[in-house]
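Each residue of the sequence shown is one higher than the one before, counting from 1 in UniProt numbering.
Data first, discussion second: the structure below is written as structure tokens.
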Amino acid sequence: MRGIFLVSCFLGGSALLAGCRDDGSPRPATEDAARITGARQWGESRSALQKRELDRAAGPALPIPDDLPARELVGTTRQIHQLIEASGIPSRFESYTEAVPAAGASLRMAAIPGGTFLMGSPAEEPGRKPDEGPRHEVNVSPFWISETEIPWELYTAFMENGRPRAKDGQLLEEQPDDELWDSVTQPTAPYTAMNLGMGHGYEHGLPAISMSHHAASKFCEWLSAQTGHYYRLPTEAEWEYACRAGNPGAYSYGNGEEALDQYAWYWDNSNDRYQKTGSKKPNKWGLRDMHGNVAEWVLDSYLPDAYGKRDGQPAKDPLVIAPKAPHVVRGGSWEDDPDRLRSAARRASSPAWNRQDPQNPKSIWYLTDGGMIGFRVVRPMNIPDVITMHRLWNFSKGEP
1 MRGIFLVSCF
11 LGGSALLAGC
21 RDDGSPRPAT
31 EDAARITGAR
41 QWGESRSALQ
51 KRELDRAAGP
61 ALPIPDDLPA
71 RELVGTTRQI
81 HQLIEASGIP
91 SRFESYTEAV
101 PAAGASLRMA
111 AIPGGTFLMG
121 SPAEEPGRKP
131 DEGPRHEVNV
141 SPFWISETEI
151 PWELYTAFME
161 NGRPRAKDGQ
171 LLEEQPDDEL
181 WDSVTQPTAP
191 YTAMNLGMGH
201 GYEHGLPAIS
211 MSHHAASKFC
221 EWLSAQTGHY
231 YRLPTEAEWE
241 YACRAGNPGA
251 YSYGNGEEAL
261 DQYAWYWDNS
271 NDRYQKTGSK
281 KPNKWGLRDM
291 HGNVAEWVLD
301 SYLPDAYGKR
311 DGQPAKDPLV
321 IAPKAPHVVR
331 GGSWEDDPDR
341 LRSAARRASS
351 PAWNRQDPQN
361 PKSIWYLTDG
371 GMIGFRVVRP
381 MNIPDVITMH
391 RLWNFSKGEP
């Protein structure tokens with residue numbers, strides 16, 4: 001059984017307003033002229049971008065489904081897919097360090113052997129919620145996962161990319177020396193520091209926070225374009241399997257909250273803020289902060305009855321993508337109580353995480369109230385086809 005795979009497209013747009021500033025005061029004619037000129041340049045650049053994307057898609061005909069999101073960007077995905085296929089699969093399945101050229105940094109990836117486990121929690125587990133059952137057997141293929149949550153020193157190179165971009169992250173102009181990863185849609189500059197007042201800027205070692213599910217997915221594409229390795233968010237099954245590291249208890253170390261302080265930052269010990277990655281004990285597979293510090297995006301959409309739809313049957317690499325559904329976050333965070341840090345605990349994303357964003361429509365990149373949200377990345381052993389790869393990097397656009 002392969003799991004549910006339902007997908008929808010999300011549409012968005014913006015309008016150009018002229019004549020007055022946001023506060024109602026009149027704009028000088030020169031300012032209006034600059035806005036109009038900028039809009040024309042944006043339109044011309046967008047047309048040029050679409051032509052370049054068609055050029056990038058040149059080659060054997062690629063059937064594109066009508067419901068594929070961000071269809072105009074499939075050419076870039078195709079190029080990245082070719083790069084990944086050319087890199088091939090390593091001859092040995094082992095942990096490794098991935099260099100990230102654009103960030104001048106590296107990322108440690110842990111090899112997780114495939115296997116079968118019981119996903120969800122037993123009815124008698126303290127703190128258990130109905131959406132964690134029924135407990136059922138899941139088989140997971142081998143994959144690599146980052147040993148820590150993605151830190152600021154990697155994410156800021158993606159977030160503060162220094163290029164003029166439209167609101168959807170597409171380049172407004174292209175340079176002759178652009179790299180492939182420059183063509184990946186990336187965030188526009190945030191209007192405020194996205195550490196949300198916790199710490200002094202984007203400190204090295206602290207996990208990146210406050211990004212949308214879409215932004216985390218596009219980071220994975222950006223990382224893939226640099227490395228020639230396919231990265232994406234972990235599925236909910238991969239995340240729980242990696243967190244448990246073979247332990248069926250409430251936490252990766254077993255049952256009970258007595259030892260939680262050794263493994264996690266949470267409400268009782270976090271000093272009301274996130275902390276540096278990797279400063280607590282790892283689980284048996286060498287993964288740190290799977291419990292607490294920041295809650296982590298996973299690939300799946302949230303359905304409260306997702307496990308019940310599997311009818312208790314064994315599932316192979318399940319993935320749930322449902323139209324207009326929230327997304328799943330796992331692991332709990334620095335602001336949570338111990339029950340939300342359990343290996344099986346699930347949480348749905350919420351529009352409230354972007355409540356203070358003054359824009360209309362709201363940003364597709366940032367969560368103004370998401371200081372407890374981060375992510376880590378997965379590299380699966382199996383490389384999907386171009387269309388699946390593109391869909392999984394783009395399906396959440398417009399959602400929190």
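All C-beta atoms in this analysis are idealised placements derived from N, C-alpha and C, irrespective of residue type, glycine included.
Since we're looking at a predicted model, the values are computed, not measured.
### Task
Return the chain-ordered list of same chain residues with a C-beta closer than 7 Å to the C-beta of V184, the five sequence neighbours on each side being excluded.
Within the sequence shown, numbered from 1, the residue matching residue 184 stands at position 184. Excluding residues within five positions, the ones whose Cβ falls inside 7 Å are T76, K218, E221, W222, A225.
### Message
Using a 10 Å radius around the Cβ and a threshold of 16 neighbouring Cβ atoms, would you call D385 buried or exposed?
### Response
To locate residue 385, count along the sequence shown from 1; it is residue 385. With fewer than 16 other Cβ atoms from the protein chains shown falling within 10 Å of its own Cβ, D385 counts as exposed.
### Task
Could you pull out every unbroken alpha helix (DSSP H) segment of at least 4 residues lying fully inside the stretch 171–237, listed in chain order?
Listed in chain order, they are 213–227.
### Message
Just to confirm the assignment: which complete beta strand (DSSP E) runs, minimum length 3, are found wholly within the stretch 256–339?
### Response
Entirely contained in the stretch 256–339, the beta strand (DSSP E) runs reaching 3 residues are, in chain order, 295–301, 327–330.
### Message
Tell me which residue opens and which closes the alpha helix (DSSP H) that W393 is part of.
### Response
Within the sequence shown, residue 393 is the residue found at index 393, counting from 1. First-last of the alpha helix (DSSP H) with W393: 386–394.
### Query
Contact between the stretch 270–287 and the stretch 324–336: three or more CB pairs below 8 Å?
Flag = yes, the stretch 270–287 and the stretch 324–336 touch.
### Query
Beta-carbon separation of N283 and E149 under 8 Å?
Mapped onto the sequence shown, residue 283 falls at position 283. Mapped onto the sequence shown, residue 149 falls at position 149. Contact: no.
### Query
Cα separation between G197 and D357?
Here residue 197 refers to the residue found at position 197 when the sequence shown is read from its first residue. Here residue 357 refers to the residue found at position 357 when the sequence shown is read from its first residue. For G197 and D357, the distance between alpha carbons rounds to 16 Å.
### Task
From the DSSP output, read off the bridge partner residues of A111.
The count along the sequence shown starts at 1 and reaches residue 111 at position 111. When beta bridges are read from the DSSP output, A111 appears opposite W144.
### Query
Can you list, in chain order, the residues of its chain whose CB lies under 6 Å from that of A70, leaving out five sequence neighbours each side?
The sequence position of residue 70 within the sequence shown is 70, counting from 1. Sequence-distant partners of A70 (beyond 5 residues in either direction) whose C-beta falls short of 6 Å from its own C-beta, in its chain, are N394.
### Query
How many angstroms separate the CA atom of S279 from the CA atom of D66?
Taking the first residue of the sequence shown as 1, we reach residue 279 at position 279. Taking the first residue of the sequence shown as 1, we reach residue 66 at position 66. When rounded, the distance between both Cα atoms is 47 Å.
#### Entry: Neighbourhood of G312 by C-beta, 8 Å cutoff - its chain only, sequence neighbours within 5 removed
Taking the first residue of the sequence shown as position 1, residue 312 is located at position 312. Apart from sequence neighbours up to five positions away, the residues of its chain that approach G312 with a beta-carbon distance below 8 Å are P134, H136, ordered along the chain.
### Message
DSSP three-state label for G13, please.
### Response
Mapped onto the sequence shown, residue 13 falls at position 13. In this predicted model, G13 has a pLDDT of only 31, less than 50, meaning its place in the structure is not dependable; the value taken from the coordinates is given anyway. Residue state, collapsed to three classes: coil.
### Buried/exposed call for A259, threshold 16 Cβ in 10 Å
Within the sequence shown, the letter at position 259 stands for residue 259. With fewer than 16 other Cβ atoms from the protein chains shown falling within 10 Å of its own Cβ, A259 counts as exposed.
#### Entry: Presumed contact (8 Å Cβ cut-off) between S212 and L367, rounded CB distance
On the sequence shown, residue 212 is found 212 positions in, with the first residue counted as 1. On the sequence shown, residue 367 is found 367 positions in, with the first residue counted as 1. The beta-carbon distance between S212 and L367, rounded to whole angstroms, is 6 Å. This is short enough to meet the 8 Å contact definition.
#### Entry: In chain order, each alpha helix (DSSP H) run of at least 4 residues that lies wholly inside the stretch 115–170
Taking only runs of at least 4 residues, the alpha helix (DSSP H) segments lying wholly in the stretch 115–170 are 152–159.
### Proximity of G114 and P90 at Cβ, strictly below 8 Å
The residue you call residue 114 lines up with position 114 of the sequence shown. The residue you call residue 90 lines up with position 90 of the sequence shown. Their beta carbons are not under 8 Å apart, which means G114 does not touch P90 by this criterion.
### Message
Comparing C-alpha positions only, which one of P326, A344, L341 sits nearest to W353?
### Response
Along the sequence shown, one-based indexing puts residue 353 at 353. Nearest C-alpha to W353: P326.
### Query
Can you list, in chain order, the residues of its chain whose CB lies under 6 Å from that of Y96, leaving out five sequence neighbours each side?
Here residue 96 is taken as the residue at index 96 of the sequence shown, counted from 1. Correct list, in chain order: M109.
### Query
Just reading off the beta strand (DSSP E) that E98 is part of, what are its end residues?
Working through the sequence shown from its first residue, we reach residue 98 at position 98. For E98, the enclosing beta strand (DSSP E) has its first and last residue at 96–100.
#### Entry: Through-space distance from R342 to E174, alpha-carbon basis
The sequence position of residue 174 within the sequence shown is 174, counting from 1. The sequence position of residue 342 within the sequence shown is 342, counting from 1. Here the C-alpha atom of E174 lies approximately 46 Å from the C-alpha atom of R342.
### Query
Between E85 and E98, what straight-line distance do the alpha-carbon atoms span, to the nearest angstrom?
Position 85 of the sequence shown, counted from the start, is the residue given in the question as residue 85. Position 98 of the sequence shown, counted from the start, is the residue given in the question as residue 98. Cα to Cα, the separation comes out at about 17 Å.
### Task
Give me the Cβ distance between E153 and H204, rounded to the nearest whole Å; I'm assuming they're in contact under 8 Å.
Counting from one through the sequence shown, the residue named residue 153 turns up at place 153. Counting from one through the sequence shown, the residue named residue 204 turns up at place 204. Confirmed, about 5 Å.
### Query
How about the stretch 363–380 and the stretch 227–247: do they share at least three Cβ pairs that are nearer than 8 Å?
Of all C-beta pairs linking the stretch 363–380 to the stretch 227–247, three or more are shorter than 8 Å, placing the two stretches in contact.
### Query
Does any residue of chain C bring its CB to less than 8 Å from the CB of Y241?
Chain labels in this structure do not include chain C; a single protein chain is all it has.
### Query
Shortest alpha-carbon distance to S146 belongs to which of M290, G162, R92, D177?
In the sequence shown, the residue the question calls residue 146 occupies position 146. It is M290.
### Query
Nearest CA to the CA of A345: which residue from A215, S210, Y251, N195?
Locating residue 345 in the sequence shown gives position 345, where the first residue counts as 1. Check the Cα spacing between A345 and each of A215, S210, Y251, N195: the tightest is with Y251.
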